[in-house]
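Undergrad:
Numbering (the numbering used here), first residue to last: -11 to 89.
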């Protein structure tokens, strides 16, 4: 009798463990907090150090965004100078050729 029940019990245990692993993976992937055996939140931890780290990273992110915006402006100015310089150089060459003829 036990020999007949072992495959069924093994299959049920394997399916349960696989379901738990997939559920945990989906929670991690989508950012849901993980829970311990008694329902307490395991991840992400909400202590003072973590909150301070989030604040610092948010400030650094804002500074980097501002710096990126200024770099984009500078790049646009450089592109304008380079392209305008080529057109004005062509005009100057054509004016010199016109004077020579």
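In this text, a Cβ means the ideal position worked out from N, Cα and C, and glycines have one as well. Because the structure is a prediction, the values reported are computed rather than measured.
1. Can you confirm whether residue 16, when its beta carbon is compared against all beta carbons of chain D, has any partner nearer than 8 Å?
2. Restricting to runs no shorter than 3 residues, where is the beta strand (DSSP E) found entirely within the segment 5 to 69?
3. With distances taken between CB atoms, is the gap from residue 9 to residue 22 smaller than 8 Å?
TA: In brief:
1. No chain D appears in the structure shown, which is made up of a single protein chain.
2. Segments of the beta strand (DSSP E) lying fully in the segment 5 to 69: 29 to 31.
3. Pairing residue 9 with residue 22 gives a Cβ-Cβ distance that is not under 8 Å.
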